[in-house]
Amino acid sequence: MRILRKAAVSWAGAVLLETPSNPLLRLIDIEATVARANPCGAPVIVDNTAATPFNQRPFDFGADWVVHSTSKYLNSHSDMIGGCLLRRDRLSAMHRTIHKNLGGTVNALDAWLVLRGLRAFALRMEAHNRNGQAVAEWLLSRPKVARVHYPGLSSYPQAELFRRQMKHGGALISFELAGGETAACRFLDRIGLILHAVSLGGMESLATRPETSSHRGMTSEARLRAGVSDSLIRLSVGVEALEDIFADLEQAITE
Ligand SMILES: *Cc1c(COP(=O)(O)O)cnc(C)c1O
Numbered sequence: 038m039r040i041l042r043k044a045a046v047s048w049a050g051a052v053l054l055e056t057p058s059n060p061l062l063r064l065i066d067i068e069a070t071v072a073r074a075n076p077c078g079a080p081v082i083v084d085n086t087a088a089t090p091f092n093q094r095p096f097d098f099g100a101d102w103v104v105h106s107t108s109k110y111l112n113s114h115s116d117m118i119g120g121c122l123l124r125r126d127r128l129s130a131m132h133r134t135i136h137k138n139l140g141g142t143v144n145a146l147d148a149w150l151v152l153r154g155l156r157a158f159a160l161r162m163e164a165h166n167r168n169g170q171a172v173a174e175w176l177l178s179r180p181k182v183a184r185v186h187y188p189g190l191s192s193y194p195q196a197e198l199f200r201r202q203m204k205h206g207g208a209l210i211s212f213e214l215a216g217g218e219t220a221a222c223r224f225l226d227r228i229g230l231i232l233h234a235v236s237l238g239g240m241e242s243l244a245t246r247p248e249t250s251s252h253r254g255m256t257s258e259a260r261l262r263a264g265v266s267d268s269l270i271r272l273s274v275g276v277e278a279l280e281d282i283f284a285d286l287e288q289a290i291t292e
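My numbering numbers the first residue of the sequence shown as 38 and each following residue consecutively.
In structure tokens form, the structure reads like this:
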């Protein structure tokens, strides 16, 4: 873990972190971050969208705030956009005034769509976790796959932190194909059941290439330094039957 230096947080209003990170699924130690940030007066805000409350509970590690995109796993039907902000302590009168004046309030239909999605949230997360773990292990066993990034793998570099902080590995995976950029482009052209589309957390499996989507604004040097190679593919594994996902992956990685 990168050390959050005291000098770096002494002037910060807050520390905002996302764990696991997108797209390399690296973990940040929430408890260690809180221990360094809070004494400097900086509250810690955790974006828990990728992990979900089913797999990771940031308040248990001392986080002050949790933010979620509700458009992803909480809603799961990929048919609305929204977010939520949660505080470990009660909201103060000042927070309520800011909320009222800035108007960050979800409309009735979108709120209802998330509540509908939440009714089967635990069931879906069990399926996402099962499929995510199985797909990561399957990818790892393929000679055409050079690297797999997934916290639930026993070979995962931050396995100890994973066990301490997360309950399951989730359904986001990134991997690199041995055939480089050509193989990655071919993979995206060929997938059928898995859709080539942005976003994550819905019931359908989705794949993107960060080089041409989330990270396209970076220079290639900065992107490679950040560990995002030309052949990196990010998968959001859905809840489809595993044999269908495997069949689609197999034909898409075959040369
Ligand atoms: C998608 C996403 C967001 C943004 O949410 P929207 O609902 O698309 O506005 C923020 N954080 C993470 C980790 C996300 O995956």
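We put the beta carbon where it would ideally sit given N, CA and C, even for glycine.
Leaving aside the five residues that flank residue 213 on each side, the residues in its chain whose CB is nearer than 6 Å to its CB run, in chain order, 183, 184, 266, 268, 269.
Between the alpha carbons of residue 165 and residue 231 lies a distance of about 14 Å.
For residue 136, the enclosing alpha helix (DSSP H) begins and ends at 130 to 139. Residue 92 counts as buried, since no fewer than 16 other beta carbons sit within 10 angstroms of its beta carbon. Boundaries of the alpha helix (DSSP H) around residue 218: 217 to 227. With a minimum length of 3 residues, the unbroken runs of beta strand (DSSP E) contained wholly in the region 66 to 126 fall at 81 to 84, 102 to 106, 120 to 124. The Cβ-Cβ distance between residue 168 and residue 274 falls below 7 Å. Taking a contact to require three or more Cβ pairs closer than 8 Å, the region 256 to 263 and the region 222 to 238 do not qualify as touching. Distances taken from the Cβ of residue 196 to the heavy atoms of ligand 1 include none shorter than 6 Å. Taking C-alpha positions only, residue 224 is separated from residue 49 by approximately 42 Å. Check the Cα spacing between residue 52 and each of 108, 272, 99, 118: the tightest is with 99. Residue 192: not part of any beta strand (DSSP E); DSSP gives it neither H nor E.
Excluding five sequence positions before and after residue 236, the CB atoms of its chain that fall closer than 8 Å to its own CB belong to 108, 109, 115, 243, 273, given in chain order.
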